[in-house]
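**Q** Residue numbers (numbering that gives the first Met the number 0): 0 to 132. For every residue, glycine included, the Cβ atom is placed at its ideal position computed from N, Cα and C. Just so it is clear, the structure is predicted and the values come from calculations on it, not from any experiment.
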Amino acid sequence: MFERKNRLSGLLDSVKAHHRLEIACESAVRALSRAPTTAVSIDGLYEGIDLNVPVSRPRFDMMASGLLKKAETLLQSFSDGSDKFDVVLLAGNVCDMPSATNLIRTKLFPDASAGRGDVPADEAVAIGCARHA
Numbered sequence: 000m001f002e003r004k005n006r007l008s009g010l011l012d013s014v015k016a017h018h019r020l021e022i023a024c025e026s027a028v029r030a031l032s033r034a035p036t037t038a039v040s041i042d043g044l045y046e047g048i049d050l051n052v053p054v055s056r057p058r059f060d061m062m063a064s065g066l067l068k069k070a071e072t073l074l075q076s077f078s079d080g081s082d083k084f085d086v087v088l089l090a091g092n093v094c095d096m097p098s099a100t101n102l103i104r105t106k107l108f109p110d111a112s113a114g115r116g117d118v119p120a121d122e123a124v125a126i127g128c129a130r131h132a
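1. For D12, is the classification buried or exposed, using 16 other Cβ atoms within 10 angstroms of its Cβ as the cut-off for buried?
2. Helix, strand or coil, according to DSSP, for P119 in the structure here?
3. In terms of residue numbering, what span does the alpha helix (DSSP H) encompassing S32 cover?
4. For A129, name the three-state secondary structure that DSSP assigns.
5. Considering only C-alpha positions, which residue in the set S40, Y45, F108, F59 is nearest to V28?
6. For P35 versus S55, is the C-beta spacing smaller than 8 Å?
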């Protein structure tokens, strides 16, 4: 959309622009977990042109729906029934997506408990690796 609007090409070929866009999008996911709308804003994203895109939670859910469906299919093929899981611990950026957490807790693993409240979601992988090492 940005390339088409500004008549550019090669935006994603630029490592710097791609990295800045990735960081801004991760920040927007976190913001959407707390607010109904946010904006992805980057000054001078590519060739000096600024990016400012408003994003609402429903629009984000619509854009992420294909990815969530693939994840749902993968988890369903892996689990073969939620009775094998006592606890589901969500970790990383998926915890910031209400649609993903809702899918996992209500549809895929409804009988499993939500996990431990003493483990911060952003630090769960690091704590697990430290305990395993």
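**A** To lay it out plainly:
1. Answer is exposed; the Cβ neighbour count stays below 16.
2. Coil, per DSSP.
3. For S32, the uninterrupted alpha helix (DSSP H) run begins and ends at 14-33, by DSSP.
4. Here A129 sits in helix by DSSP.
5. Looking at S40, Y45, F108, F59, the one whose alpha-carbon comes closest to that of V28 is F59.
6. Yes, these two residues count as a Cβ contact at 8 Å.
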